[in-house]
Amino acid sequence: PLSEGSFIDVKKQEIVSRNFSCSPCGQRFFKECEPSLHQKPECLESISVKEVSEAVQRIVKRLGLFKR
Numbered sequence: 001p002l003s004e005g006s007f008i009d010v011k012k013q014e015i016v017s018r019n020f021s022c023s024p025c026g027q028r029f030f031k032e033c034e035p036s037l038h039q040k041p042e043c044l045e046s047i048s049v050k051e052v053s054e055a056v057q058r059i060v061k062r063l064g065l066f067k068r
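So for the sequence shown, my numbering puts the first residue at 1; every next one is plus one.
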């Protein structure tokens, strides 16, 4: 989503990131990373479900998809 020429409408996206020095992975997708205890890259492990949920809620609110 950060690359030039992104096809996703900016209103429909939220970037959840920890800004690791190795970011973005690009074509070497995770090959340079030491896996965490769960065998996933630390950049993904460090982002919580709550953070992702909050990002989704901001998108839904911004697009007016859910009204009480």
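In this text, a Cβ means the ideal position worked out from N, Cα and C, and glycines have one as well.
Asked: Which residues does DSSP pair with Pro41 in a beta bridge?; Found: Pro35
Asked: Once you ignore the five residues that flank Arg58 on each side, which residues in its own chain have a CB closer than 7 Å to its CB?; Found: Glu14
Asked: Can you name, in chain order, every residue of its own chain whose Cβ lies under 6 Å from the Cβ of Val49, other than the five neighbours on each side?; Found: none
Asked: Distance check for Val16 and Gly64, CA to CA, integer angstroms please.; Found: 21 Å
Asked: With a 10 Å radius around its C-beta and 16 neighbouring C-beta atoms as the bar for buried, classify Pro41 as buried or exposed.; Found: buried
Asked: Report, in whole angstroms, the separation of the C-beta atoms of Glu34 and Cys22, which I expect to be a contact under 8 Å.; Found: Not really, about 10 Å apart at Cβ, beyond 8 Å.
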